[in-house]
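Numbering (the UniProt record's numbering), first residue to last: 1 to 227.
All C-beta atoms in this analysis are idealised placements derived from N, C-alpha and C, irrespective of residue type, glycine included.
Below you'll find the structure, written out as structure tokens, and then a few comments.
Structure below.
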């Protein structure tokens, strides 16, 4: 099988990473010429990379035939969060009763530092990786590597919508406070409280994601997502 041109492969990998990280606006049409200028290449590798990304499910065609980042459906997000709640409950309970206390203590200290750093202000889109890190460290403290791997995969699939969550001050402060509640209960050995805090935290996150899907769809219908 002939090797794909290096330029196409480079564009494909870099654009895929931008899509996974949620750095390409959902609902916005991808224009070949604009992408060619951004990646400093011709339109041919852009076109080929876009075809691959469409085949991978990262992009979808609109009614006019243009390509846009695929907007997850409300149903798919609900199903992902249903699974996430089960996994988060599993790992927080395990971390509370027989987990690595050192990981939890370090986690609490890190988030106390963040509470002081972001008091009274929004964090920005990059904060989503810190949020994901919190949950993965709880999973690591539980010792369940399978659950940790599944949570990592789930995080990547919902990140495209969550990346803009922390541009709001209220969401940043609420997330930090909720994380401290969770890890505090875990360190106190209160399994039921830790699990309850975790469930409420994830359910609130799911609610924000549903709101964002609705807002994006409204903008697309109203023509807010410019071509």
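- In this structure the stretch 38 to 51 does not touch the stretch 172 to 185; the number of beta carbon pairs closer than 8 Å is below three.
- Between the alpha carbons of residue 190 and residue 96 lies a distance of about 7 Å.
- According to the DSSP assignment, residue 68 belongs to the beta strand (DSSP E) that extends over 67 to 69.
- When only Cα atoms are considered, residue 90 and residue 135 end up about 12 Å apart.
- In the structure shown, residue 60 falls within a strand segment according to DSSP collapsed to helix, strand and coil.
- Within 10 angstroms of the beta-carbon of residue 82 lie fewer than 16 other beta-carbons, which makes it exposed.
- Judged by DSSP secondary structure, residue 133 falls within the alpha helix (DSSP H) whose first and last residues are 127 to 142.
- By the CB criterion at 9 Å, residue 114 and residue 130 fall inside the cutoff.
- Taking every protein chain shown into account, the CB of residue 13 has fewer than 16 other CB atoms within 10 angstroms, so this residue is exposed.
- For residue 152, the enclosing alpha helix (DSSP H) stretches over residues 145 to 162.
- Here residue 197 carries a helix assignment [DSSP, helix/strand/coil].
- The C-beta of residue 212 has 16 or more other C-beta atoms within 10 Å across all chains shown, which makes the residue buried.
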